[in-house]
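Asks: Have a look at the structure that comes next, please.
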Amino acid sequence: MACYTANWDPLGEEAFYRKFELYSMAWNLKEDLQDCLVAAAPYGGPIALLKNNFRKEKSLGSRPLLEIYSASGVPLASVLWKSGQVVQLGWTASEDLLCIQEDGTVLIYNLFCEFKRHFSMGNEVLQNHVREAKVFHTEYGTGVAILTGAHRFSLTTNIDDLKLRRMPEVPGLQKLPSCWAVLSQDRVTIILLAVGQDLYLLDNTSCSVVTPPGISAHAGAYVQMAVSFNYRYLALFTDTGSIWMGTSSLKEKLGEFSCDFRAPPRQMVWCTRPRSKQRAVVVAWDRRLLVAGNSKECIQFVLDEDSYLVPELDGVRIFSCTTHEFLHEIPEASEEIFKIASMAPGALLLEAQREYEKQSQKADEYLREIKDQNLLAEAVRQCIEAAGYEHEPETQKSLLRAASFGKCFLDKFPPESFVWTCRDLRVLNAIRDYQIGIPLTFAQYKQLTIEVLLDRLVLRRLYPLAIKICEYLRLSEFQGVSRILAHWACYKVQQKDKSDEEVAHAINQKLGDTPGISYSEIAARAYDCGRTELAIKLLEYEPRSGEQVPLLLKMKKSQLALNKAIESGDTDLVYTVVLHLKNELNRGTFFMTLQKQPVALSLYRQFCKHQELETLKDLYNQDDDHQELGNFHVHSSYSSEKRIEGRVGALQNAVDEYYKAKNEFAAKATEDQIKLLRMQRRLQDELDKPYVDYSLHDTVYSLILDGNHKRAEQLYRDFRIPDKRFWWLKISALAEREDWEEMEKFSKSKKSPIGYLPFVEICMKHHNRHEAKKYAARVTPEQRVKAHILVRELDQAADAAIEHKNENEMNLVLSKCTAATDSLVVEKINRAKAQTLKK
1 MACYTANWDP LGEEAFYRKF ELYSMAWNLK EDLQDCLVAA APYGGPIALL KNNFRKEKSL
61 GSRPLLEIYS ASGVPLASVL WKSGQVVQLG WTASEDLLCI QEDGTVLIYN LFCEFKRHFS
121 MGNEVLQNHV REAKVFHTEY GTGVAILTGA HRFSLTTNID DLKLRRMPEV PGLQKLPSCW
181 AVLSQDRVTI ILLAVGQDLY LLDNTSCSVV TPPGISAHAG AYVQMAVSFN YRYLALFTDT
241 GSIWMGTSSL KEKLGEFSCD FRAPPRQMVW CTRPRSKQRA VVVAWDRRLL VAGNSKECIQ
301 FVLDEDSYLV PELDGVRIFS CTTHEFLHEI PEASEEIFKI ASMAPGALLL EAQREYEKQS
361 QKADEYLREI KDQNLLAEAV RQCIEAAGYE HEPETQKSLL RAASFGKCFL DKFPPESFVW
421 TCRDLRVLNA IRDYQIGIPL TFAQYKQLTI EVLLDRLVLR RLYPLAIKIC EYLRLSEFQG
481 VSRILAHWAC YKVQQKDKSD EEVAHAINQK LGDTPGISYS EIAARAYDCG RTELAIKLLE
541 YEPRSGEQVP LLLKMKKSQL ALNKAIESGD TDLVYTVVLH LKNELNRGTF FMTLQKQPVA
601 LSLYRQFCKH QELETLKDLY NQDDDHQELG NFHVHSSYSS EKRIEGRVGA LQNAVDEYYK
661 AKNEFAAKAT EDQIKLLRMQ RRLQDELDKP YVDYSLHDTV YSLILDGNHK RAEQLYRDFR
721 IPDKRFWWLK ISALAEREDW EEMEKFSKSK KSPIGYLPFV EICMKHHNRH EAKKYAARVT
781 PEQRVKAHIL VRELDQAADA AIEHKNENEM NLVLSKCTAA TDSLVVEKIN RAKAQTLKK
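Heads up, the sequence shown is in the UniProt record's numbering, so the first residue is 1 and it goes up one at a time.
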């Protein structure tokens, strides 16, 4: 235990801090850190270095090298800097590198120094130049704040949704602030700046002077300030060596410390642990590190070389040219177990397990002491929790063995915490490996989440490790392996050293039919990289035509897109491609292309029927399809032409086309229609009544209804209307106009081709029984029963049925006998039916 706590340093009475080595740095730096612009991403992120020529003679002429390393100093990438003068480097939340230039341009690079995009901080920044800049993170995303040579601040809270904001001016400000920081309060981003002994707060609309509560009257001028990782706390360093600590709202003081150093520190950052009551800041000078907190004492470390501080969620990373260390407050569980002479249940359980391994009976004594206090479950919990905070695998194993040992003596202890801690530590130990170089702590890992960690491994192109972690944690394929393989494939298509065939085959071999994989997305990446043929090969593996077609169109592979759309059977998809082809190709080529695809041609014709009739006509002309051209002209005569002359002209064109198509029936029918149209026009002019667009049937009927019998008979003869149809038309029209005299005259004009029963029916339909009786007497014997029934002469109907000796007719008459007065008729029929049965 004593050996374990040798590097613990107390800060006051309640907290211990320790600084331990994460890595011996692998880099071989040619420059000192103080001569470089340095940016290290939080959560064990990468480190970017750029030789800073900002203060040096520009006549040196050499271009600096932008270098990116893992946290262990393993080189990831480098590029010769050929752009403008860089003022500040910073990392986004997604681990992209921001390079802020003097002219206000911000260039964005990925982890491998590959340029992604750039944006400008505005004309004012361009004119006045950037003097200082800071990259910050809020719930809105990654932001950039700029201090210009005109002593004005501009900022954006989210570089992915760029909205530049110019902060209010500080009245009378004639020189650059001695220090400044970005604060985030109540979802509002504000600037705090110091000019000598004065503090100014800039929000969206105003500038106000603020005074930290409880600060000493002789504190002096502010030379450095620091905001905590979660933006809740603020620390101020003055030129008298005073360090004021309080809330970032400047409403509460947490503590104040006076140190012996007066020189402005190179860096000052907060070092806090979640849920801890201790608040501490780390202040760094060239060769000295100081940790100050709530107490009057402090912790001091002598630095062998220039170092750089990286604030983290639960501590501070400190790296130099040779080492990378982590400084943090000892967590409560670890402190309870490992502090000297501790009698905490976790400490006793750890000792019990160690004695048990030595086969010593002291193990039983320690265990009994814990059980007597009924604290065995708490002891197991402490050991599990402490294991998570440890960086060394041996210490982790020792604590987990102790927890496992204690669990054996508990009846019911939920295993989830133990199992998940073991899993999480295995993942953490894998990514902390020297070659991987992501020194995440347990608290950072939980805050970051496994999904984000996997994204970061993918960004580093550590695909095998990411897949192993997914499989080990049994994540769903869609959430884990599929997504990683898709990223791997997108990276694979960028490799130029292999042929398209090899790359496509390798990707298909690896991915197969893995759920959640979109070959079209991978193909799109290949196309963006200039590998069109590879993209086409990859699309062959895409099972969804709806995903294939849009990319093929984008690649100008329209013919292939059309084939795929037709194969899919999706008419909407075919329409999409056809309309794209129509806009892309000239008219002749477009029609020739459709000729080779009957399905597409048929669908396009359907489209043209509703949307583009003239195009449809061109299609029929090209195909010499005279039948469809005739149909087109007929349709056009009624849908497009308003004047009779135009309609007749269109129908005449249809006649010509039908004759060419050798369809004499259609041609004759159309000629008759022309003849009818002309006659209707003449009737309309002569009778001053609309006839155009009537059918032949309606025209004749209307003429008879108006008493124009000669004209109706003229149409009857000219158009060879069948006799039966004409007689039906005429008696129906005469009955409707109640011209019974003309009807009787017509009935006697010659023998009726439809008989006389229709006359009876028509008269009864118009409620004229008297006229109906006239025709009932003239019907044929076969229809006499029905005629007498229609005119309600049941007695005569019964006589006719009996005369015919037709039982069905007798039954029909009986069914109509419903009134009491019909009893004689019923009796007559029944008597006749009885006689028939006797015979």
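We put the CB at the ideal spot given by N, CA and C, even for glycine.
Look at the Cβ atom of residue 715, then the Cβ atom of residue 700, and state whether they are nearer than 8 Å.
Replies: Closer than 8 Å, so yes.
Asks: What separation, rounded to the nearest whole angstrom, lies between the Cα atoms of residue 65 and residue 454?
Replies: Roughly 29 Å separates the two Cα atoms.
Asks: Below 7 Å CB to CB, which residues in the same chain sit around residue 758 once its five sequence neighbours on both sides are set aside?
Replies: Contacts found: 728, 731.
Asks: Check whether the Cβ atoms of residue 133 and residue 87 lie closer than 8 Å to each other.
Replies: Yes, these two residues count as a Cβ contact at 8 Å.
Asks: Can you check which of these residues, 486, 234, 298, 835, is closest to residue 270 by C-alpha distance?
Replies: Answer by Cα proximity: 234.
Asks: Compare the C-beta of residue 33 with all C-beta atoms of chain B and state if any pair is closer than 8 Å.
Replies: In the structure shown, chain B cannot be found, because there is only a single protein chain.
Asks: Would you decide whether residue 470 is buried or exposed? Buried here means 16 or more other CB atoms lie within 10 Å of its CB.
Replies: Looking at its Cβ environment, which holds 16 or more other Cβ atoms inside 10 Å, residue 470 is buried.
Asks: Within a Cβ cutoff of 6 Å, which residues of the same chain sit near residue 863, ignoring the five residues on either side of it in sequence?
Replies: Any property of residue 863 remains undetermined from this structure, which presents the chain solely from 1 to 839.
Asks: Can you pull the DSSP bridge partners for residue 67?
Replies: Residue 67 pairs with 49, 78.
Asks: Should residue 67 go down as buried or exposed, given a rule of 16 or more other Cβ atoms within 10 Å for buried?
Replies: Burial call: buried.
Asks: Can you grab the Cα-Cα spacing for the pair residue 70 / residue 421, in whole Å?
Replies: Each residue's Cα considered, the two are about 26 Å apart.
Asks: Quick one: Cα of residue 726 to Cα of residue 669, how far?
Replies: Taking the straight line joining both Cα atoms gives about 19 Å.
Asks: Buried or exposed: residue 294, going by 16 or more other Cβ atoms within 10 Å of its Cβ?
Replies: Under this definition residue 294 is a buried residue.
Asks: Identify, in the order they occur along the chain, each residue of the same chain with its Cβ nearer than 7 Å to the Cβ of residue 5, setting aside the five sequence neighbours on each side.
Replies: So the list reads 338, 339, 340, once near-sequence residues are dropped.
Asks: Is it buried or exposed, residue 263, if we count other Cβ atoms within 10 angstroms and call 16 or more buried?
Replies: The residue is exposed, with fewer than 16 neighbouring Cβ atoms inside 10 Å.
Asks: How long is the line joining the alpha carbons of residue 185 and residue 273, rounded to whole angstroms?
Replies: Going from the Cα of residue 185 to the Cα of residue 273 covers about 21 Å.
Asks: On the three-pair Cβ rule with 8 Å, is the stretch 429-446 touching the stretch 13-29?
Replies: Cβ pair count under 8 Å is three or more, so yes.
Asks: Give the straight-line distance between the Cα atoms of residue 287 and residue 304, rounded to the nearest whole angstrom.
Replies: Each residue's alpha carbon lies about 6 Å from the other.
Asks: For residue 134, write down the residues that DSSP places opposite it in a beta bridge.
Replies: DSSP output for residue 134 lists 145 as bridge partner(s).
Asks: From the DSSP output, read off the bridge partner residues of residue 98.
Replies: Its beta-bridge partners are 90, 108.
Asks: According to DSSP, is residue 180 part of a helix, a strand, or is it coil?
Replies: Strand, per DSSP.
Asks: Quick one: what does DSSP say residue 59 is sitting in, helix, strand or coil?
Replies: For residue 59, the pLDDT reaches just 39, beneath the cut-off of 50, and the residue's location in the model is therefore unreliable, leaving the point undetermined.
Asks: Could you spell out the range, first to last residue, of the beta strand (DSSP E) harbouring residue 699?
Replies: Segment 696-705 is the alpha helix (DSSP H) holding residue 699; no beta strand (DSSP E) there.
Asks: Let me make sure I understand the geometry here. Which of 200, 159, 161 has the alpha-carbon closest to that of residue 171?
Replies: The residue with the shortest Cα to Cα distance from residue 171 is 200.
Asks: Please report the Cβ distance between residue 367 and residue 345, rounded to the nearest whole angstrom; I am assuming they are in contact, meaning their Cβ atoms lie under 8 Å.
Replies: In fact, because the Cβ distance is near 11 Å, the residues do not count as touching under 8 Å.
Asks: State whether the stretch 313-324 contacts the stretch 345-356, with contact taken as three or more CB pairs (one from each stretch) at a distance under 8 Å.
Replies: The stretch 313-324, when compared against the stretch 345-356, does not touch it at the 8 Å Cβ threshold.
Asks: Roughly how many angstroms lie between the CA atoms of residue 445 and residue 425, to the nearest whole one?
Replies: One C-alpha to the other measures close to 10 Å.
Asks: Cutting at 8 Å between CB atoms, please list the residues of its own chain near residue 101, excluding the five before and the five after it.
Replies: So the list reads 83, 84, 85, 86, 87, 107, 130, once near-sequence residues are dropped.
Asks: Give a single yes or no on whether residue 584 has its beta carbon closer than 7 Å to a heavy atom of the ligand GTP.
Replies: The ligand GTP is absent from the structure shown, which contains no ligand whatsoever.
Asks: For residue 255, which residues does DSSP report across the bridge?
Replies: Beta-bridge pairing links residue 255 to 245.
Asks: In chain order, what residues of the same chain lie with their CB nearer than 6 Å to the CB of residue 683, ignoring the 5 residues before and after it?
Replies: So the list reads 691, once near-sequence residues are dropped.
Asks: With a Cβ-Cβ cutoff of 8 Å, do residue 459 and residue 111 count as a contact?
Replies: Cβ distance < 8 Å, so residue 459 and residue 111 count as in contact.
Asks: Pull the bridge partners of residue 324 from the DSSP assignment, please.
Replies: According to DSSP, residue 324 bridges with 23, 319.
Asks: Taking 8 Å as the threshold (C-beta atoms), are residue 328 and residue 18 in contact?
Replies: Yes, they are a contact pair.
Asks: Among 331, 177, 205, which has the Cα closest to the Cα of residue 190?
Replies: Comparing Cα-Cα distances from residue 190 to each of 331, 177, 205, the minimum goes to 205.
Asks: On the three-state DSSP scale, how would you describe residue 329?
Replies: Strand, per DSSP.
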